[in-house]
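Residue numbers (my numbering), protein chains in the order written: chain L, 44 to 440; chain S, -9 to 366; chain G, 18 to 533. Where a beta carbon is used, it is the ideal one built from N, C-alpha and C, also for glycine. Small disclaimer: the values here were computed from a predicted structure and weren't measured. Please read the structure below before turning to the comments.
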Amino acid sequence: MAADETNRLPGSRELRRVLPALPAAAGDGAGFAAAVGCATAEEISELLRAARADGVALVSAGARSLLGRMVPAEAGARRILLDTTACRGVLALDAEALLLRVRAGTPLPQARAAAEEAGLRLVGVEPSDPGTVGGWLATTARIHDPVLALPVSPALGISSVLPDGTAWRSITSPRSACGPDLGALFFGTGGAFGVLTEAALRLAPGGSERKRISVQLNQPVQAAEVLRRAALGPLPPAEGSALIWVDGRGARVELGFEGTAGLVEEAVRELREHLKSITARELRSGEDAPLAVAKDLPVAGGVRWSRLERVITEFNLPLVDALMLDRPEVSGCRLRVLGGEPASLAARLRRFLDPDGERGRARAAEFERLRRVKRELDPGSLLNPQALPWLEREVLA
Amino acid sequence: MSLLSHKRDLAMCAFCPKMCRFACPMAEVEHREAVTPWWKMIQAERIGARRAPDSPEAAAVVYHCLSCLHCRTHCRHAVDVPGALLEARAALFSRNLEDPLVCGFLARFRKQGNPFAEDLGARLERIVPAELRPAEARAVLFAGCQALRAESVVSAARRVFSALSIDFVGVFAGDDLCCGAPLWQMGDRKGFEAHAERLRRQLGACRLVLCLCPTCEETLRTLYAEVGQPLSARVENLAEWLGPRLEQRTPVQKIPGRFTYHDPCFAGRYRERYQAPRRILSFCLTEPLQEAAWARDDAACCGGGGGVPWILPGPAAAAARRRLKQLQATGAERIATACPGCQRMLGEAGGQVRDVIEVLAEALDGAGPVPGEEHP
Amino acid sequence: MLEPRLDTEELRRRLSAVVGPEFVSASDADRYAARDMWPRALLRRRAGRFEGLPDLVAWPADGAQAAAVVRIATQAGWPVVPFGAGSGVCGGALPERGGLVLDLKRLDRILELDSRDHLLQVECGAVGENLERELNRRGYTLGHFPSSIYCSTVGGWIAARSAGQCSSRYGKIEDMVRAVEYLDAAGERRSTAPLEPGLDGFSLLPLLVGSEGALCVLLSASLVVRPLPPARAFAAFRFADLAAGVTAMRSCLRAGLRPAVLRLYDEFDTLIAKTGPEADGEASSWLRDLLGRAAKPLGRLGEASLSVLLGRPALLNRMTTLLPGGCLLVAVCEGSQGETRETARALNAACVTAGGEELGEGPARHWWKNRYAVSYKQSPLFAAGAFVDTMEVATTWERVLPLYRAVRERLWRRCFVMAHFSHAYREGCSIYFTLAAAAGSDERAIEAYDRMWREAQEAVLAASATVSHHHGIGRLKAPFLARQLGTGGALHRALKRAFDPDGRMNPGTLFADGAR
Ligand SMILES: Cc1cc2nc3c(=O)[nH]c(=O)nc-3n(C[C@H](O)[C@H](O)[C@H](O)COP(=O)(O)OP(=O)(O)OC[C@H]3O[C@@H](n4cnc5c(N)ncnc54)[C@H](O)[C@@H]3O)c2cc1C
Ligand SMILES: Cc1cc2nc3c(=O)[nH]c(=O)nc-3n(C[C@H](O)[C@H](O)[C@H](O)COP(=O)(O)OP(=O)(O)OC[C@H]3O[C@@H](n4cnc5c(N)ncnc54)[C@H](O)[C@@H]3O)c2cc1C
Ligand code: SF4
Ligand code: SF4
């Protein structure tokens, strides 16, 4: 680590001692006072302690696929970038307990490959997800469990270094009743409560039977109903999405079932029965080329089934080309919009869904509480100070 | 009987995680842990063991029981909670430790020998002509205080008798028109015994006593024997007794409308009489009964049992409202029951309630509904 | 902790002004009865000791009243103990520091039931069975069936992260809950925003679920319900040993099946599960019958009293290793006709492949019919002078059997141990140990009880399993949870300070603070 970089941290004493021993971050740490790469929890601990002693803020980074947007350049200049990508590698794949133990800096594609090599799949990770395991967990509070058709936490156990530099390893258990789920402080909180160093991620075996079904519907609202029934059906779909064109071209639903042959067959049978009753057309192979939709559509919200109909029938502003529904759950699904200026559309749709701002106020109150917890653990807000403000802005935008 | 004979029951409840609490109407309407069957039994045990220094207000929880026996439906140990609590009340009474509310009520009861402190004999004279009130009869209808107060069901019974040409049943018109159950419920065993003895004598050579009220029925049949005053007469419930007499009959006029049926505790859980009243109703009604989600051995109490209305009218009325809600949830417009006490409680809670005997009268003679009872 | 600034009478007066005089009580009956089902407290009661009395009990009618009550009490420096139905078994609802018990059972209304979204909005004081029956009447089920469903509340479930018997299909309560309305220690009334379907943003909800009254008072909750299943199928299997049974369970989950019930019993629990439904009141003849049947060599011992038998746990435990019966697995499948049929078929195949012998429907139907019977079995044991408790722990599949063995070995001389495996997930499952013992006197029983728990939890901690799967922590496990958390205890403390800076909410529960 070059001496002139540590010089940018006036008054630092502990850091001056620690930083030179740590390797520089891989790639570019531009904009930060210093950028170091830590390969172990011990190194991270030492760095955190030193930074805390010196009152210097620290930003943990994975592959930085999102980070650039979270940290304004002028703020970076007084902060140290802690690159975790050197803390990488698959530790163990437990095919019996369906767990993949990985270090947090492991790139998601590498983790995915390890799972696939064993004939398994990482639950909740989409093929296009970039970044590292740590970055993914820090931005993902819940994943969808297709078996329960409800959300569950993205990891069963974690190791992390807390803001004061102490290392903590949680227990790895499928479920527990041990007070509040402390994982919630780490999942989807942007790293505000610690630096993740390891995690036990959920794996799923591919079902013995798989079947994809594509359907063309004339009435857009029917698309939501098809998804809803699938989520409540005999075998909630491993994948389910609907693209609804607002120009009268109707809608297209795609469902992927995975499971035992009997259950897949039963799910398909129930689906077809429903389709018959609404005179929808199932697409034959060849006709059903997967829908090409940009992966980073802005998310407009998670919408309850009962509200979707209104959205579909009323929210067809000239700017919207289509609505995309996916991740069907028992009570609703995710909604995204295509067309026009995506971000402002998404914001308008959010206002449409929360006209009196009730939800916004409840969310703000949640963040207020979270900030209190943050103050207790990290009084100077020295670890990832960007995280909570950014998350809150995203949510309340 | 004494609390000692409930030793096993008391021990079971003491360590039970209150499994029957969801069914106990008092626990449900008062929301107090102290009135769950669990705690009431712990308190009863303490009374039995004369554990000091339980304050009178602590002991008073044993009065918060409707004797409805709903707890037993969900007790795997078949514990008789109301039995033990009645013993506890008796123990308190015998030690002059009864709740002040009990003293107040007993003073009231003693005025006219019934809980309404009213001259029920006068009512009886008004609604039943003298020729139907023979001094000596082999078979009598024992109306009971609740039915006499309400009047309508007594008139209905007369109409049923006449429609079925039953001419050998007179209406009991002795000095004591109440069975005395409230005395038992308050723990005044001596008072009850004296009452039982008087009434037994008044019933004299009677061979058959037909009851309109299942509480009277249980009292005359079981409790009188328990205090050494067994009746020589057979005690039967009127609706049940009428059952076979309706075979081969058809109603003059079937009654329209959606009805549900409320199982009185003393008819249902105590006697397992679930079918007889339902058969009468299906005989009378054009539409099938709308059964409540809570019915038969799971029917909630109307709040009228255990003497609770006399001393704790608030919780009793709340229990009635709770039951009424369950009955109304069936979508039925009208409620039938087979107990004048239930009819009164549910009626006061705002329900449209008829006794099966009233429904039967209307169906048998086609002379229109029995004039509705007035509620204060 | 600060001294309360108001005396009891003054507090009672102020609370009366909010809830009405009949809904605040300082009476002995209400104070004595405000306690949960922690077996240690039952032993103390059996010994004639009533410890941990609140000063007052209050029953607010709604959220607004509850908020005012909490505000008045905490501002005056009084501890507040939220109280559901007191079926907790860990001393969570036991006001050992006195103060105010806030009984929430008047908040028992169904606020909304949305049939399209399958969302139920219900107040937290609703008692389980009454709620479930009302849902059934309207064509739905919550799918949450703890053995204590008759005697526990929605708020208690969420506060203690409860699990029902059908958790493999419907999940634990934390899987069903989408939002809560709560009060913090200052009496501020707040709601978490409902989890948005399909979205993965941060929510405060998982930090409130499981908070056991030590962070907040839960007022109402939004829960996912399901349509009442039109079909149900039953199956049972016998496995030569536990390992084969565990393999069968694991492969069912792995295949993505959603059986409502999947329960595997160890050899001794198998015998208990198969015996008649009636838990009669006499000194637990069920146990004696079993022992008689299980082992002829027992000879004279078979006639000994229950407490004498349980006083020699090592002997009893040894006997169970000689039991011939194998391990019973009962399964119940439900859902649409088609799903039920196909799930049952696949489940059957998985069990047979794992070496299971088909026993037909009988044992599973028997279990279903008596599925809450177990909850009545504690009384006869306590009444006979013995004691019993249960320990529910969980871990990942590869560690399940080692955990089972470790606990048994550790407790071999302390208590009689049996177990079943009743909440299975794709990644692992829980073990539900029943621990029974007897000692010469109640005071000695309390010592034996503490020792038993200490050693049991030591074994669990050493096996890296979770110290509780669904009963929660309360006072009983607070010190062990602190050890399980290790350095993570700092997170716990931070949460506590953020929600309850002055430590008014249910002090001594969940967060070990050295008291006791
Ligand atoms: C164009 C694009 C847009 C995206 N938009 C979003 C979006 O709006 N919302 C969203 O949730 N995801 C979004 N993602 C996905 C996001 O990139 C992933 O969540 C990714 O997995 C983050 O991983 P990373 O390694 O790149 O994290 P980074 O970008 O390096 O870091 C992201 C956050 O996680 C923290 N972090 C990283 N590593 C750790 C660690 N080991 N321990 C603790 N904290 C850590 C960082 O401090 C930072 O707050 C987007 C991705 C792309 C490519
Ligand atoms: C026989 C028996 C069988 C059992 N079986 C099961 C089972 O199968 N599965 C299972 O999960 N549990 C079981 N339990 C444990 C117990 O029933 C559960 O823990 C239940 O969730 C407690 O609910 P309750 O309403 O009785 O809560 P209580 O006992 O009153 O309280 C439990 C804890 O939650 C807190 N609390 C209660 N209500 C609120 C509220 N509204 N807001 C904030 N905090 C609150 C209390 O302060 C306390 O810490 C069983 C218990 C018994 C006695
Ligand atoms: S009556 Fe039965 S179920 Fe009710 S508390 Fe007593 S033992 Fe338990
Ligand atoms: S008899 Fe009725 S009121 Fe009395 S304890 Fe039992 S259920 Fe409750």
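So which of G:451, G:33 and G:354 has the shortest CA-CA distance to residue 287 of chain G? G:451
On the CB-based measure, 16 or more other CB atoms within 10 Å of its CB, does residue 321 of chain L come out buried or exposed? Exposed, because fewer than 16 other Cβ atoms sit within 10 Å of the Cβ of residue 321 of chain L.
Cβ shell of residue 310 of chain L (< 6 Å), same chain only, five flanking positions each side left out: 276, 277, 278 and 300
Residue 22 of chain G to residue 426 of chain L, Cα distance in whole Å? The alpha-carbon separation between residue 22 of chain G and residue 426 of chain L amounts to approximately 40 Å.
Please state whether DSSP places residue 272 of chain S in a helix, a strand or coil. Here residue 272 of chain S sits in helix by DSSP.
In angstroms with no decimal places, state the Cα-to-Cα distance between residue 217 of chain L and residue 413 of chain G. 6 Å
Is there a Cβ from chain A that is less than 8 Å from the Cβ of residue 103 of chain G? Included in the structure are the protein chains L, S and G, with no chain A among them.
Cross-chain neighbours of residue 230 of chain G in chain L, by beta carbon under 8 Å: Those do not exist, as residue 230 of chain G stays about 11 Å from chain L at its closest Cβ, beyond 8 Å.
Taking Cβ positions only, does residue 395 of chain G come closer than 8 Å to chain S? yes
Quick check: what's the CA-CA separation for residue 231 of chain L versus residue 284 of chain L? In a straight line, the C-alpha of residue 231 of chain L is about 24 Å away from that of residue 284 of chain L.
For the beta strand (DSSP E) containing residue 211 of chain L, name the first residue and the last one. 210 to 212
Three-state secondary structure assigned by DSSP to residue 205 of chain G: coil
Out of L:345, L:65 and L:410, point me to the one whose CA is closest to residue 124 of chain L's CA. L:65
Identify whether residue 549 of chain G lies in helix, strand or coil by the three-state DSSP scheme. In the structure displayed, chain G extends from 18 to 533; residue 549 of chain G sits before or after that span and is not available.
Quick one: grab the DSSP three-state call for residue 245 of chain L. strand
Secondary structure of residue 425 of chain G, DSSP reduced to three states: helix
Taking 7 Å as the cut-off, is the CB of residue 60 of chain S close to at least one heavy atom of ligand 4? yes
Can you list, in chain order, the residues of its chain whose CB lies under 7 Å from that of residue 82 of chain L, leaving out five sequence neighbours each side? 129 and 130
Under 7 Å between beta-carbons, which chain S residues line up against residue 162 of chain G? List them in chain order, please. Those do not exist, as residue 162 of chain G stays about 13 Å from chain S at its closest Cβ, beyond 7 Å.
Need the endpoints of the alpha helix (DSSP H) that residue 28 of chain S sits in, please. 27 to 38
Under 8 Å, Cβ to Cβ, is there at least one residue of chain S near residue 293 of chain G? With a pLDDT of only 47 at residue 293 of chain G, under the threshold of 50, the placement of this residue in the model should not be trusted, and no figure is reported.
The stretch 57 to 78 of chain G: which residues have C-beta closer than 7 Å to a C-beta of chain S, in chain order? From the stretch 57 to 78 of chain G, only 59 and 76 have a Cβ closer than 7 Å to chain S.
Give a yes or no on whether the minimum CB-CB distance between residue 237 of chain G and chain S is below 8 Å. no
Would you list, in chain order, the members of the stretch 129 to 146 of chain G that have their beta-carbon closer than 7 Å to a beta-carbon of chain S? Taking 7 Å as the Cβ-Cβ cut-off against chain S, the residues of the stretch 129 to 146 of chain G that qualify are 144 and 146.
Cβ of residue 108 of chain L within 7 Å of any heavy atom in ligand 1? yes
Classify residue 534 of chain G as helix, strand or coil using the three-state DSSP reduction. No answer is possible for residue 534 of chain G: the residues shown for chain G start at 18 and end at 533.
Run the proximity test for residue 391 of chain G: is its beta-carbon closer than 7 Å to any non-hydrogen atom belonging to ligand 3? no
When DSSP labels each residue in this structure, what does residue 62 of chain G get in the three-state scheme? Residue state, collapsed to three classes: helix.
When the Cα atoms are used, what is the spatial distance from residue 334 of chain G to residue 398 of chain G? 17 Å
Residue 127 of chain L versus L:432, L:102 and L:137, residue with shortest Cα-Cα distance: Selection L:432, L:102 and L:137 evaluated against residue 127 of chain L yields L:102 as nearest (Cα-Cα).
Any beta carbon from chain S within less than 8 Å of residue 44 of chain G's own beta carbon? yes
Taking DSSP as the reference, what is the three-state secondary structure of residue 80 of chain L? strand
Please determine whether the Cβ atom of residue 151 of chain L lies at a distance below 7 Å from any heavy atom of ligand 1. yes
Check whether the Cβ of residue 165 of chain G lies closer than 8 Å to any Cβ atom in chain S. yes
How about residue 241 of chain L and residue 380 of chain L: do their beta carbons lie closer than 8 Å? Against a cut-off of 8 Å, the Cβ pair of residue 380 of chain L and residue 241 of chain L comes out as no contact.
For residue 324 of chain G versus residue 410 of chain G, is the C-beta spacing smaller than 8 Å? Not closer than 8 Å, so no.
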